[in-house]
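Before any comments, here is the structure.
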Amino acid sequence: MSAIDRSYIVVDRQGTVFDRMLAIVRCEVINLANAINRSRFLGAWLASTELARSLDLAKWHLEQVPEAERPVAGEQLARLQAIAERVRAIAPRPSKTAVMQARSSTRPANRSAWDSEEQAWIAARSAHGPILLAAGPDGLTLGCEGEP
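Offset between the sequence shown (1-based) and our numbering: plus 824.
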């Protein structure tokens, strides 16, 4: 079975775990942008956290790429990481207090910090257009509505 047959992710016959990690990171950038565009506070926060974890794994797998191929692979990761970090900068970052309130099992739980942070983030996001991602021969490109 060739690498192309093993997965919905298209990689060449030399495909590696690193190639699959890049594809996973691309998908997670798209998922995060979607959650942000839909103003889903919890979903965007979780997607941002998962994206950070996957970026770390991709960096680790970069070290497993044969040395001759590593410069090109490193450039691919650097381009994708730059986009991922720009999208992550837009994602919500709830405070520890808000997270503790949201996780509280007491009834009725006080979730005022979570609720106020969620509403503030949604209000700030509504002042901006959606995040626009496009796939091309060089990978993902990022834009925001209203940018040139």
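From the three backbone atoms N, C-alpha and C, an ideal C-beta is built for every residue, glycine too.
None of the values given here were measured: they were computed from a predicted structure.
Residue environment, residue i, which counts as buried when at least 16 other CB atoms sit within 10 Å
| i | result |
| --- | --- |
| Val841 | exposed |
| Gln888 | exposed |
| Arg912 | buried |
| Arg850 | buried |
| Pro932 | exposed |
| Leu901 | buried |
| Trp884 | exposed |
| Ser872 | buried |
| Ala859 | buried |
| Gln925 | buried |
Contact set for residue i: own chain, Cβ-Cβ below 7 Å, skip 5 residues either direction
| i | result |
| --- | --- |
| Ser863 | Ile946 and Arg949 |
| Ala857 | Val911, Ile955 and Leu957 |
| Ile848 | Ser878 |
| Leu904 | Leu846, Val849, Arg850, Gly963 and Leu964 |
| Ile854 | Leu957 |
Other residues of its chain near residue i: CB distance less than 6 Å, five sequence neighbours each side excluded
| i | result |
| --- | --- |
| Ala922 | Ala937, Trp938 and Glu941 |
Distance between beta carbons of residue j and residue i, contact taken as under 8 Å
| i | j | result |
| --- | --- | --- |
| Glu852 | Glu874 | 6 Å |
| Leu886 | Gly898 | 6 Å |
| Ala906 | Ala868 | Rounded, the Cβ-Cβ distance is 19 Å, inconsistent with contact. |
Contacting residues, own chain, Cβ-Cβ under 8 Å from residue i (five flanking each side not counted)
| i | result |
| --- | --- |
| Glu861 | It should be pointed out that residue 861 corresponds to Asn in this sequence rather than to Glu. Answer for Asn861: Pro954 and Ile955, listed in chain order. |
3 or more residues per run - each beta strand (DSSP E) lying fully within the stretch 889-966: Runs of the beta strand (DSSP E) inside the stretch 889-966: 955-960.
Those runs of the alpha helix (DSSP H) which lie wholly inside the stretch 865-892 and span at least 4 residues: Those alpha helix (DSSP H) runs which fall completely within the stretch 865-892 and span 4+ residues are 865-886.
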